[in-house]
Amino acid sequence: MPSYRSLPSTANTYLYSRFVSEIERMAPRASISRFRYAPSVPNNNLQMRRNRLRTRAATTETDKINHQASLNIEKALEYLDEYLKPLEGKPGVADENSAVALMEALTEAGTSRGFGGARQVPKKSYSLEELRINKIRPERLLSPEDKTLNKISDRLSLALAAGIGALAYGEHWSLSQFIGAAAAVAFGVVADQVAARGGVGALLLDTAGRTLSAEYRDRVSAHEAGHFLIAYLVGILPQAYTLSALEAFRRYGAFNVQAGTLFCDSAFQKEIASGRLSSGSLDKYTCVALAGVATEYLQFGVAEGGIGDVQQLDGLLKALKFTQAKADDEIRWAVLNTVTLLRRHEDIHRKLAEAMLRGASVGEGILIIERGLAAPED
9 MPSYRSLPST ANTYLYSRFV SEIERMAPRA SISRFRYAPS VPNNNLQMRR NRLRTRAATT
69 ETDKINHQAS LNIEKALEYL DEYLKPLEGK PGVADENSAV ALMEALTEAG TSRGFGGARQ
129 VPKKSYSLEE LRINKIRPER LLSPEDKTLN KISDRLSLAL AAGIGALAYG EHWSLSQFIG
189 AAAAVAFGVV ADQVAARGGV GALLLDTAGR TLSAEYRDRV SAHEAGHFLI AYLVGILPQA
249 YTLSALEAFR RYGAFNVQAG TLFCDSAFQK EIASGRLSSG SLDKYTCVAL AGVATEYLQF
309 GVAEGGIGDV QQLDGLLKAL KFTQAKADDE IRWAVLNTVT LLRRHEDIHR KLAEAMLRGA
369 SVGEGILIIE RGLAAPED
């Protein structure tokens, strides 16, 4: 799961800086310089004051969060969207601490039913036969191949070749001119691979795919809505999402960023960095990682996108030194759990994908989930 470094609350930082400035202004500098051989007393007093002011700032922030959580869910989610906006000059970095605190407060108040509230399947070892009994064919979702984009890429290559050929014929190019044009195209491809790691080509191909194929566009939105929904249900807060390489470029200014969903997962990243990953955190990560391919499998019969998700998960399990049998158990449980949740909340997922295609905010997406969960079952 892509993640960015967690930052302290903006309000907390502002209050703390003001309090510290006030303390420094009031500090007894003359006394410190006069009693230079015993500076511990004023320094300890200063530290105690700073600690008290940190506590006051934290209390103020907590009171603010609790007040926001006491409002109706629509208004509270507007505050959530404000927390999730990128910090000035830091694309992709939000005030995730406050955002997560607000969601936890909403859950504690009973306003949110869905955040971390998924009813999951029992955690145990499942066989392939048990997955098949539940109408799941793992091979159709764990080995994604982007056939739609590959076909579009082949067509664009043929169109480019035909265009160069037609231009050469119409302009009566010599052999050297034709070779020069072909060399220029090849140079552009190589330069893109070296300078942008293929990002320009990927952006053009993704844009062509969204323009020429409604199925590709629907696949991407369904895939990312799957990540969004499952993450929210297992207790990981979505931070932002993009549905196209062009949108990602406009937002982050990088060519090599594709469609994807970011999460407020600094706690998970800290566990990874410490080398001590809890089984609960791993279960959440595994379900979220497989949510995109599971969604495509359910909606289209086979997954095409998401090879990066599967590879990242495989890399994590190897880094944790899981045996093949233990890795298989983790993945089979996560596949069954994720597919079960997606089937149970199929209507919510459909509405969420439609809203994401319209550019809904994270808060608006969460509201769709919460309203869907609150609706009476048929």
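Residue numbers for the sequence shown follow this note's numbering, beginning at 9 and rising by one.
Heads up, the beta-carbon is just placed ideally off N, CA and C, and yes, glycines get one too.
Within 10 angstroms of its Cβ, does L290 collect 16 or more other Cβ (buried), or is it exposed? As a first step, residue 290 is located in the sequence shown; it is residue number 282 there, counting from the start. Buried: at least 16 other Cβ atoms inside 10 Å.
Which of helix, strand or coil does DSSP assign to Q384? One-based indexing of the sequence shown puts residue 384 at position 376. Here residue 384 turns out to be Pro, not Gln, going by the sequence shown. Coil, per DSSP.
Quick one: residues in its chain with C-beta nearer than 6 Å to the C-beta of V228, no 5 flanking neighbours on either side, listed in chain order? Counted from its first residue, the sequence shown places residue 228 at position 220. Contacts found: L251, A267.
Once the 5 residues before and after G218 are set aside, which same chain residues still bring their CB inside 7 Å of it? Position 210 of the sequence shown, counted from the first residue, corresponds to residue 218. A small fix is needed here, since residue 218 is Arg in this sequence, not Gly. Excluding positions up to five away in sequence, the list reads Y224, R225, S252.
Provide the residue(s) that pair with P146 in DSSP beta bridges, ordered along the chain. What you label residue 146 is simply residue 138 of the sequence shown in a count that begins at 1. Paired residue(s): none; P146 is not in a bridge.
Between E104, K98, L285, E112, which has its C-alpha nearest H75's C-alpha? Numbered from 1 along the sequence shown, position 67 holds the residue referred to as residue 75. Nearest of E104, K98, L285, E112 to H75, Cα basis: E112.
Boundaries (first-last residue) of the alpha helix (DSSP H) holding Y293: Mapped onto the sequence shown, residue 293 falls at position 285. That run of the alpha helix (DSSP H) goes 287-308.
Output the boundary residues of the alpha helix (DSSP H) element that contains T348. Here residue 348 refers to the residue found at position 340 of the sequence shown. Annotation for T348: the continuous alpha helix (DSSP H) segment containing it runs 332-352.
Chain-order list of residues whose beta-carbon lies under 7 Å from that of F308 (same chain, five-residue window excluded): Reading the sequence shown from its first residue, position 300 is the one you call residue 308. Once the five neighbours on either side are set aside, the close Cβ partners of F308 are R227.
Backbone secondary structure at F236 - three-state DSSP: Here residue 236 corresponds to residue number 228 of the sequence shown, with the count starting at 1. Looking at F236 - three-state DSSP - the assignment turns out to be helix.
Count the C-beta pairs between the segment 328-340 and the segment 374-382 that are closer than 8 Å, then say yes if the count reaches three, no if not. no
With a CB to CB cut of under 7 Å and the five nearest residues on each side skipped, what residues in its chain are close to I346? Translated into positions along the sequence shown, residue 346 becomes position 338. Position check: residue 346 holds Thr in this sequence, whereas Ile was assumed. Once the five neighbours on either side are set aside, the close Cβ partners of T346 are I238, C295, L298, A299, A302.
Let me check understanding here. Comparing Cα to Cα, which of R148, A170, S135, D322 lies closest to D337? Walking along the sequence shown from the start, residue 337 turns up at place 329. The option with the nearest alpha carbon to D337 is S135.
For G407, name the three-state secondary structure that DSSP assigns. The question about residue 407 has no answer here: the residues shown for the chain are numbered 9 through 386.
Give me, in chain order, the residues of the same chain whose beta-carbon lies closer than 6 Å to that of F276; leave out the 5 immediate sequence neighbours on both sides. Counting from one through the sequence shown, the residue named residue 276 turns up at place 268. Sequence-distant Cβ neighbours of F276 in its own chain, meaning closer than 6 Å and more than five residues away, are S289.
Counting beta carbon pairs with one atom in the segment 307-322 and one in the segment 112-125, are three or more of them shorter than 8 Å? no
Counting along the chain, where does the alpha helix (DSSP H) carrying A275 start and finish? Counting from one through the sequence shown, the residue named residue 275 turns up at place 267. Following the DSSP letters along the chain, one finds A275 inside the alpha helix (DSSP H) bounded by residues 274-282.
Helix, strand or coil for Y134? Go by DSSP, reduced to three states. Against the sequence shown, residue 134 aligns to sequence position 126. Three-state result, Y134: coil.
Specify, as a first and last residue, the run of the alpha helix (DSSP H) that A113 falls within. In the sequence shown, counting from the first residue as 1, residue 113 sits at position 105. That run of the alpha helix (DSSP H) goes 104-116.
Here's the rule I'm using: 16 or more other beta-carbon atoms within 10 Å means buried, otherwise exposed. How should L183 be labelled? Along the sequence shown, read from residue 1 onward, the residue named residue 183 stands at position 175. That one is exposed.
Distance check for G173 and S142, CA to CA, integer angstroms please. Mapped onto the sequence shown, residue 142 falls at position 134. Mapped onto the sequence shown, residue 173 falls at position 165. Position check: residue 142 holds Asn in this sequence, whereas Ser was assumed. Answer to the nearest angstrom: the Cα atoms are 53 Å apart.
First and last residue of the uninterrupted alpha helix (DSSP H) at A253: What you label residue 253 is simply residue 245 of the sequence shown in a count that begins at 1. Segment 253-260, the alpha helix (DSSP H) holding A253.
I'd like to confirm the pairing. Which residues does DSSP put opposite A84 in its beta bridges? Within the sequence shown, residue 84 is the residue found at index 76, counting from 1. Looking at the DSSP assignment, A84 forms no beta bridge with any residue, so it has no partner.
Any idea what DSSP makes of A8, helix, strand or coil? The first residue shown for the chain is 9 and the last is 386, placing residue 8 beyond what the model contains.
Where L325 falls: helix, strand or coil (DSSP): Within the sequence shown, the letter at position 317 stands for residue 325. Assignment of L325 by DSSP, reduced to helix, strand and coil, places it in the helix class.
Whole angstroms are fine: how far does the CA of R127 sit from the CA of K155? Here residue 155 refers to the residue found at position 147 of the sequence shown. Here residue 127 refers to the residue found at position 119 of the sequence shown. Roughly 34 Å separates the two Cα atoms.
Alpha-carbon to alpha-carbon, A256 and Y87: As a first step, residue 87 must be located in the sequence shown, where it is residue number 79. As a first step, residue 256 must be located in the sequence shown, where it is residue number 248. Going from the Cα of Y87 to the Cα of A256 covers about 24 Å.
Roughly how many angstroms separate the alpha carbons of E114 and Y260, rounded to a whole number? Counting from one through the sequence shown, the residue named residue 114 turns up at place 106. Counting from one through the sequence shown, the residue named residue 260 turns up at place 252. Checking the sequence shown, residue 114 turns out to be Leu, not Glu. Approximately 30 Å between the Cα atoms of the pair.
Look at the alpha carbon of L344 and the alpha carbon of A368, and state the distance between them as a whole number of angstroms. By one-based count along the sequence shown, residue 344 stands at place 336. By one-based count along the sequence shown, residue 368 stands at place 360. Looking at the two C-alpha atoms, the distance is approximately 29 Å.
Taking all protein chains shown into account, decide if L166 is buried (16 or more other Cβ within 10 angstroms of its Cβ) or exposed. One-based indexing of the sequence shown puts residue 166 at position 158. Flag for L166 reads exposed.
Check whether L349 and L241 have beta carbons under 9 Å apart: One-based indexing of the sequence shown puts residue 349 at position 341. One-based indexing of the sequence shown puts residue 241 at position 233. Yes. Within cutoff.
For L139 and R340, which I take to be in contact (beta-carbon distance under 8 Å), what is that distance rounded to the nearest angstrom? Locating residue 139 in the sequence shown gives position 131, where the first residue counts as 1. Locating residue 340 in the sequence shown gives position 332, where the first residue counts as 1. Right, their Cβ atoms sit about 6 Å apart.
Just curious, the beta strand (DSSP E) that L245 is in, first and last residue? Position 237 of the sequence shown holds residue 245. Looking at the DSSP string, the run of the beta strand (DSSP E) that includes L245 is 245-250.
What did DSSP end up calling K159 once you bin it into helix, strand or coil? Taking the first residue of the sequence shown as 1, we reach residue 159 at position 151. DSSP places K159 in helix when its eight states are reduced to three.
From E378 to D162, what does the alpha carbon distance come to, in whole angstroms? Counted from its first residue, the sequence shown places residue 378 at position 370. Counted from its first residue, the sequence shown places residue 162 at position 154. Going from the Cα of E378 to the Cα of D162 covers about 43 Å.
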